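Asks: Line by line, the protein sequences are chains A, B and C.
Counting in my numbering, the first sequence runs from 2 upward without gaps.
Counting in my numbering, the second sequence runs from 190 upward without gaps.
Counting in my numbering, the third sequence runs from 5 upward without gaps.
Heads up, the beta-carbon is just placed ideally off N, CA and C, and yes, glycines get one too.
Values in this document were obtained by computation on a predicted structure and should not be read as measured data.
Got a structure for you, written out below as structure tokens; questions coming shortly.
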Amino acid sequence: MRENRSMAIRYILEEIRHPKAYLTLIAVGVLYIVVLSVKNPYWGDILTMTFLLGALSLSWNILGGYGGQFSLGHAGFFGIGAYTSTLLLIHYQISPWIGMLLGGGLAALIGGLIFYPCFRLKGIFFCLATLAFQEVVKIAAVHFRGLTGGAMGISIPFKAGLANMMFQGKTGYMLIALSFMIIIALVTLVMARSRFGYKLVALREDEDATETLGISTSRCKLLAAMISAFFAGCLGTFYAHYSTLVDPYSIFDMMLSVEFVIFAILGGVGTVLGPILGAFALVPIDALMRGYLGQGQQGVSFFAYGMLLTGVVIFLPQGILSWISSPLNRLMEALSGEKTRPEPRAGKIEPQAERAEKPSRSMQPTSILEIAGLDKSFGGLKVIQCLDFHVREGEIVGLIGPNGAGKTTCFNLITGFEEADAGRILFKGEDITGLKPPNRISKKGVARTFQIVKPLAGLTVTENILAGAAERAGSIHEARMKSRNIVDLLGLWEFRDIKASSLTLGGRKRLELAKALATEPTLLLLDEVMAGLNPTEVEQAIQLIKKISNRGITLLVIEHVMKAVMSLADRVVVIHHGQKICEGRPQDVIRDPGVIEAYLGKGYQYAEG
Amino acid sequence: MIGQVLVNGILLGGIYALVSLGLTLIFGVMRIINFAHGQFLMLAMYATYWLFQLYGMDPYVSILIVVPLMLVIGMGAYRMIIQPIIDASEMTHVFATLGLNLSLQGIALFLWQGDFRGIRTSYSSLVIHLGPLYINIPRLIIFLCAIAAILALFLFLKKTYTGKAIRASAQKRVAAQLMGVNLSKIYMIAFGIGIAIVGLTGAVLMPIYEVFPSVGSLFALVAFVVVVLGGLGNLGGALVGGIVIGVVESVSGVFIAPALKEGVYFIIFVIILLLRPTGIFGKAVIR
Amino acid sequence: MLKVEAIDVYYGDLQAVQGASFQVGKDQIVSLVGSNGAGKTTTLNAISGLHRPRSGTIRFGEINIERRGSHQIVELGIIQVPEGRMLFPEMTVMENLEMGCYSLRARKNFKNSLQEVIRLFPILAERKEQLAGTLSGGEQQMLAIGRGLMAQPKVLMLDEPSLGLAPLVVEEIIETIKTIRTRGTAILLVEQNVFHALSISDRAYILENGEIVMEGKGEELLKNEKVRKAYLGL
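What follows is the structure, encoded as structure tokens:
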């Protein structure tokens, strides 16, 4: 543990010397100086709102940008925080600073309670649910006027002083708002580099693939929601004291919720700078327009935001940050005098040489996987019937059979993506039939690849593998070390910083394997790894799989490429129409008349003569 | 007393059903939830209003202008905004249409400010008596329009080649293309029809509702609830869902509290989403 | 009639088909065989206009069609019966057949086409008003082929018509395909069931990882040792 701490300190010191870090410190310093020098209340107000909305956008971003769960009702948490601390202040004279924490806490609690079941909803349904949430909170605030002052809201009597979170002039407010923004940005940064952060962005990219890595996606989403709601709630308290009025129609405003989503989208979701950039770009302009246009301003404002949102979503989905990130990177490189990113290179990936070494097999290999009497139907169609087979420790078992025979369904049943109608699946003697969600099975030591590979597209190769290692590792550094080992094992070093979406098919297949290996599985299920690879790549893949087997991992492999099956499998199981029709050594199985018939059709035998 | 509450609820339901019909049609065909749905309603209402103000045209007569107008606007909106992103992720659709929503509201705010505008016709408060119950004529007309629209839509989808092409595209997109269906043209037509129905709704709403720039949002939220309840893409479900919500709102307004009546159906909405996201009647693809 | 020359088809950065060339003539049955993922369906989709090839040409008679939209390809008379049948499940048998006749060219001959299809597949007449999703596997395949025939195809492309069907039904389907050929339609058959495909084909091409690795007369390939290797790794 002490090692980890000193490593962490060394890591931080190393990072600070990086231009990104000191430039940021300078920028922050400049902001504070600006804040301290602005005396004009008009500008003071604009800056305060900019920082506040930027901070709100950052809080939203934790769940929305990093977690991929787009909430359109975040103003609900903002308001809950505001009302909570205000009521505590007025009725119980509780200090706003404590009230803020309590308000944030309540928002986090409510956020967790309500959003957790909503996470089951995909995409747009989740959005609608969050909208409904905000509306319900608004209606409740209007209705229970005994508590909340109804539509008129509650006003806070003005009393200057830090303890009251209220100030003469705008400087105090600006400082607090700016500090909030910085704090939330820091928290986001730390989170992004933690194991939790990698798991979160992984689930954003592909939930199924992330479940396969043993990560409980629902728990991650819950934590993100609670952190996000907490900060929004705290900011609500600040706003209450800034405007001295808390009323439902201003605070639970749908336009407000949408506004800070727009900042994040404009600037770049899923980044620390994005929401800040978006807020800085839009809030001052909006406020200035109010000055010039007066009456028609609101309309122009809505129109502009609307066009911007549609435009960004269609033409620049990664936001402004993606525009400026290359020139920014070049600036960094120029300043630090070193390359910050390796040049992306297209082409084949060469595996590293490694000594072939088989650990001695135990005299009596234990059964790792046992399938008994498995049945599965889809609609009226029976895809798997009475399937039985087993896999022993250390073996490489091939699962073959014509298209539509039920092989991938079998994998889905084993890994918890589908539920069997009947039968049992035993892993290391433990009954895992019907265990859900899939991450629970993965956690026990079962890893898989998908027939259509599921890279975490927006993440780099390293980040992909980190997501796999994150679950089992004790700390982020352990995770990084393990990832590094896997990167080396699979010959991915040159590609470590390249986005998964830019890899060739061969690269993606390698990455798929790497992710699975990062979870340190006992049993690895490979689904048609060879499909689409050219003969050289097939050979490389065969060598790789042998290496993996030598490390003691048991393999169950679905394959159509016979050459691979012949060179790798200790034993082959043939499935046709969802049933096992043959089993044995590869060379025996392929001569079996039943197997030939299944693959080539009945007449073939006779054609042979 | 309870009878009147129910009647009011059912008539309200007719309104909600008509508002939701276009939304559910569009989702059923091309899997897009149009977050700007309410703003098209707002535009139709303004159009009806101005036709009345400037030319003295009765709202029911202006249907003849507003509906084709909205059909064209809908097809145009599809071509310009939806078609470029039709294959993108759901979230892209959400935000692109949300952006459209804001833009349209912005235009309305700028041109006509936030004032509430209504029209008063000779029959706006006309009422017929059915025993102890009284039924407001314009609302009855809306209810009948809802039924007529659903029937017309059913016939169109069932009997015409274009209608069948729309259903086919909704059920199996790739297969429809292999039959020679021009997918973007069919989607454009379906979207246009959805918005045309919204046009009809706007015209028949003007005798009894006032229009203002954010009127669309109110109706749209309810439309989402109705559509999820009735099953996305399920036309009959839109009618039943609308009536259910109308009755729930009417009943809770009287027996719980007027301010909470919307809260009730939002809570129902969330419960339905969690328990049975495909709606009470299931995610029927357009039959 | 249909000539494909050196097409390359990509999905994003991934190359699915490389340099494929083959042709199908009138009254011919030509087969594309290969295992899963070999690129067969991708090739058909490229011809059908669902997916544009990055390079290469596809000629129908004298016209280049590789850049045409899918609805235009159908108007020309190149019809695909897709893998897994892709019937419209909530539409009746009759409605499915009507959709088959959607193209303007075919609509004119609706009555005649219907008669021919019923003659080929009498069972469809019995099940006219039944929803397509409720038919058995074999009946669905017949409906899928019938739907394709309603379009009066000059070239009929069948993607794995035997998939998931009982052997007896497969025999029936194969016979039907031969009958269709006698009516002058060119047939492009994609299959995993190598024996059946090769035994009725005038010409066959073997696809592996997106490339054509072997071609020849159907009967000759049947007797070929290398073909058995491609499937059983002997």
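1. What is the DSSP secondary structure of residue 461(A), reduced to helix, strand or coil?
2. For residue 377(B) and chain A, any beta-carbon pair shorter than 8 angstroms?
3. With 8 angstroms as the threshold, decide whether the Cβ of residue 55(C) is near any Cβ in chain F.
4. Here's the rule I'm using: 16 or more other beta-carbon atoms within 10 Å means buried, otherwise exposed. How should residue 161(A) be labelled?
5. Find the residues of chain B that neighbour residue 384(A), judging by a C-beta separation of less than 8 angstroms, and give them in chain order.
6. At a CB-CB cut-off below 9 angstroms, which residues of chain C make contact with residue 218(B)?
7. Just to check my reading of the structure: residue 34(C) and residue 206(C) have Cβ atoms closer than 8 angstroms, yes? What is that Cβ distance to the nearest angstrom?
8. From residue 445(A) to residue 211(A), what distance separates their C-alpha atoms?
9. Hey, how far is the Cα of residue 312(B) from the Cα of residue 248(B)?
10. Check each candidate in 263(B), 191(B) and 196(B) and name the one with the smallest Cα separation from residue 387(B).
11. Going straight from the alpha carbon of residue 345(A) to that of residue 315(A), what length do you get?
12. Would residue 477(B) pass as an interface residue toward chain C - the criterion being a Cβ-Cβ separation below 8 angstroms?
13. With 16 other CB atoms within 10 Å as the buried threshold, where does residue 68(C) fall?
14. Quick one: give me the first and last residue of the beta strand (DSSP E) that residue 14(C) is part of.
15. Can you give me the start and stop residues for the beta strand (DSSP E) that residue 378(B) sits inside?
16. With three or more beta-carbon pairs closer than 8 angstroms as the criterion, would you say the stretch 132-139 of chain A touches the stretch 241-253 of chain A?
17. How about residue 213(A) and residue 449(A): do their beta carbons lie closer than 8 angstroms?
18. Between residue 414(A) and residue 576(A), which are expected to be in contact by the criterion C-beta below 8 angstroms, what is the C-beta distance as a whole number of angstroms?
19. Rank 434(A), 398(A), 529(A) and 549(A) by C-alpha distance to the C-alpha of residue 573(A) and give the top, closest one.
20. On the three-state DSSP scale, how would you describe residue 476(B)?
21. Please decide whether residue 584(A) counts as near chain B, where near means a Cβ-Cβ distance under 8 angstroms.
22. Strictly under 8 angstroms for the Cβ-Cβ distance: is residue 577(A) near chain C by that measure?
23. CB residue 344(B) to CB residue 424(B), shorter than 8 angstroms?
24. Closer than 9 angstroms, Cβ to Cβ, to anything on chain A: give me those residues from the stretch 404-431 of chain B, in chain order.
25. Which residues does DSSP pair with residue 560(A) in a beta bridge?
26. Between which two residues does the beta strand (DSSP E) harbouring residue 446(B) extend?
27. Pull up the distance between the alpha-carbon of residue 269(A) and that of residue 63(A), whole angstroms please.
28. Which complete alpha helix (DSSP H) runs does the stretch 19-61 of chain A hold, if anything under 4 residues is left out?
29. For residue 341(A), I'd like the list of residues in its chain whose CB is within less than 7 angstroms of its CB, leaving aside the five on either flank, ordered along the chain.
30. Give a yes or no on whether the C-beta atoms belonging to residue 103(C) and residue 357(B) are separated by under 8 angstroms.
31. Three-state secondary structure (DSSP) at residue 212(C)?
32. Which partner residues does residue 195(C) have in the DSSP bridge list?
33. Between the alpha carbons of residue 14(C) and residue 49(C), how many angstroms are there, rounded?
34. Going by DSSP in three states, residue 661(A) sits in which element: helix, strand or coil?
35. In chain order, what residues of the same chain have a beta carbon less than 6 angstroms from the beta carbon of residue 197(B), not counting five sequence neighbours either side?
36. Taking the straight line between their C-alpha atoms, what separation do you get for residue 581(A) and residue 590(A)?
Replies: With the structure as the only source:
1. strand
2. Answer no: the Cβ-Cβ gap between residue 377(B) and chain A never drops below 8 angstroms.
3. Absent here is chain F; the protein component of the structure consists of chains A, B and C.
4. That one is exposed.
5. Those do not exist, as residue 384(A) stays about 21 angstroms from chain B at its closest Cβ, beyond 8 angstroms.
6. Those within 9 angstroms of residue 218(B) in chain C number zero; the least Cβ separation is about 13 angstroms.
7. Beta-carbon to beta-carbon, residue 34(C) and residue 206(C) are separated by about 7 angstroms, close enough to satisfy the 8 angstroms threshold.
8. For residue 445(A) and residue 211(A), the distance between alpha carbons rounds to 15 angstroms.
9. Taking the straight line joining both Cα atoms gives about 11 angstroms.
10. Closest option to residue 387(B), Cα to Cα, is 263(B).
11. The predicted position of residue 345(A) is uncertain, since its pLDDT is 38 and thus under 50; a value taken from the coordinates is nonetheless stated next. Their backbone Cα atoms lie some 26 angstroms apart in a straight line.
12. The structure shown does not extend to residue 477(B), since chain B is modelled only from 190 through 476, so no value can be given for it.
13. Classified as exposed, residue 68(C) has fewer than 16 neighbouring CB atoms from the shown chains inside 10 Å of its CB.
14. 6-15
15. Run containing residue 378(B): none in the beta strand (DSSP E); it sits in the alpha helix (DSSP H), 372-394.
16. yes
17. yes
18. That pair is no contact at about 13 angstroms.
19. 398(A)
20. Reliability fails at residue 476(B), whose pLDDT of 41 lies under 50, so the model's placement of it is uncertain and the value that follows must be treated cautiously. DSSP, reduced to helix, strand and coil, places residue 476(B) outside both helices and strands of the structure shown, so it counts as coil.
21. no
22. no
23. no
24. 406, 410, 413, 414 and 417
25. Paired residue(s): none; residue 560(A) is not in a bridge.
26. No beta strand (DSSP E) contains residue 446(B), which DSSP labels as neither H nor E.
27. 12 angstroms
28. 20-38
29. Any reading at residue 341(A) needs caution, since the residue's pLDDT is 47, under 50, leaving its predicted position unreliable; the model's value is listed next. The residues are 330, 333 and 334.
30. Closer than 8 angstroms, so yes.
31. strand
32. 37(C)
33. If you take the alpha carbons of residue 14(C) and residue 49(C), they lie about 12 angstroms apart.
34. Since the first and last residues shown for chain A are 2 and 610, residue 661(A) lies out of range.
35. Here the set comprises 439.
36. 12 angstroms
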